[in-house]
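**Student:** Protein chains in written order, with the working numbering: chain A, 7 to 125; chain B, 677 to 897.
Note that the Cβ used here is the ideal one computed from N, Cα and C, for glycine as well.
Quick caveat, the model's predicted, so the values are computed rather than measured.
This structure is in structure tokens; I'll ask about it shortly.
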């Protein structure tokens, strides 16, 4: 399984990538939409884990653009939304199974990754 | 007058909600980073328990990263507290240069999300005015929101404070696309009652790409 992590918080994605590598999951990370779109030109990813709120375009719009480049790519979204109402609204937009609230539990993230690939 | 207060109060509440939501997002990001660093400490510990070599340097580095995020959260919460207390008094004496620096920090995340750099320009120090801090922040936000859309290809908005004969002025500069984004009325219906409350005035110079917010020395409340 090869993963692309996208969040403008470098410290978050770089650390998460290192932790995933300890669990034998190959993860690359970028901190901008532009870099994410460039990355998929040369690499093939099974799943992109995207922050919903990234600078310039939303994570959901980035997902659409990545999907155009690689129709087989699957997505999981991370959000900093803090309230239950925010969570319900966000998960309704992208699908509750693929939506995680920060701070993310890594074991839950891996579980979602497996599920998204099965689906 | 009642209708004006309804508009001001309603806009003020919307503004308060918008800022609170943005601050909570920022804090969530800090917590997410601390969470990952904490997880990494746990991972290294489990590996060391299984016989992997223990590297104190890695733990020191992680402790430094956590300390950095704690300082970041402290700054965010300090700004949040200042913002929350900005509504306490109807009018207060403030140093406009310092206040503009605070506003810039408060609105930084919105600028990042729009891909805009906020650039403080040299401002006059000891620029004391008496105003309503909360509604001035709200009015600065209205001007800044428009300014960020008007920033043009350089994606930079300059911010400055200067003295005038009757008080002080905040300048939003570098707005190369001001002509393009000014399609509706500005200041419009939501800004006008706030301008009246603050006895302020907005001047727009399309040609030089600047919005000027003129403020009196004392709003006299």
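1) Is it true that the region 813–826 of chain B meets the region 723–738 of chain B, where meeting means three or more beta-carbon pairs spaced less than 8 Å apart?
2) How would you call residue 87/A, buried or exposed, if buried means at least 16 neighbouring beta carbons within 10 angstroms?
3) Are the CB atoms of residue 55/A and residue 82/A within a distance shorter than 8 Å?
4) Give the single residue among 748/B, 708/B, 843/B and 715/B whose Cα lies nearest to the Cα of residue 735/B.
5) Give me the chain A residues within the contact set of residue 705/B, using Cβ-Cβ distance strictly less than 8 Å, ordered along the chain.
6) Just mark residue 897/B as buried or exposed, buried being the case when its beta carbon has 16 or more other beta carbons within 10 Å.
7) In chain order, what residues of the same chain lie with their CB nearer than 8 Å to the CB of residue 791/B, ignoring the 5 residues before and after it?
8) List the residues of chain B whose Cβ lies closer than 7 Å to the Cβ of residue 59/A, in chain order.
9) Residue 142/A to residue 879/B, Cα distance in whole Å?
10) Mind the definition here: the region 779–794 of chain B touches the region 866–878 of chain B only if three or more C-beta pairs lie below 8 Å; say whether that holds.
11) Near residue 677/B, what residues of its chain come up, given a Cβ to Cβ distance below 8 Å and the 5 sequence neighbours on each side ignored?
12) Pick from 885/B, 700/B, 890/B and 891/B: whose alpha carbon is nearest that of residue 786/B?
13) In chain order, what residues of the same chain lie with their CB nearer than 7 Å to the CB of residue 110/A, ignoring the 5 residues before and after it?
14) Using beta carbons (cut-off 8 Å, strictly below), is residue 112/A in contact with chain B?
15) Quick check on the DSSP output: the alpha helix (DSSP H) that includes residue 750/B runs from which residue to which?
16) Please go through the region 795–873 of chain B and give each complete beta strand (DSSP E) segment of 3 or more residues, from N-terminal end onward.
**Tutor:** Inspection of the coordinates gives the following:
1) Not touching, per the Cβ criterion.
2) The residue in question, residue 87/A, is buried, as its Cβ has 16 or more Cβ neighbours within 10 Å.
3) Taking 8 Å as the Cβ cut-off, residue 82/A and residue 55/A qualify as a contacting pair.
4) The residue with the shortest Cα to Cα distance from residue 735/B is 715/B.
5) Going along chain A in sequence order, the residues near residue 705/B (Cβ under 8 Å) are 15, 18, 86 and 108.
6) Exposed, because fewer than 16 other Cβ atoms sit within 10 Å of the Cβ of residue 897/B.
7) Once the five neighbours on either side are set aside, the close Cβ partners of residue 791/B are 831.
8) Going along chain B in sequence order, the residues near residue 59/A (Cβ under 7 Å) are 701 and 789.
9) With chain A covering only 7 through 125, there is no way to say anything about residue 142/A.
10) The region 779–794 of chain B makes no contact with the region 866–878 of chain B, as fewer than three CB pairs between them are under 8 Å.
11) Since pLDDT at residue 677/B reaches only 45, below the 50 mark, its modelled position is unreliable, and the value read off the structure follows with that caveat. Apart from the 5 residues on each side of it in sequence, residue 677/B has no Cβ closer than 8 Å to any other Cβ in its chain.
12) Residue 700/B is the option with its Cα nearest to residue 786/B.
13) Excluding its 5 nearest sequence neighbours in each direction, residue 110/A has C-beta neighbours in its own chain below 7 Å: 84, listed in chain order.
14) Residue-level contact check: residue 112/A touches chain B, since one or more beta carbons of chain B fall below 8 Å from its beta carbon.
15) For residue 750/B, the enclosing alpha helix (DSSP H) has its first and last residue at 732–761.
16) For the region 795–873 of chain B, the full-length beta strand (DSSP E) segments reaching 3 residues or more read 804–807, 832–839 and 843–849 along the chain.
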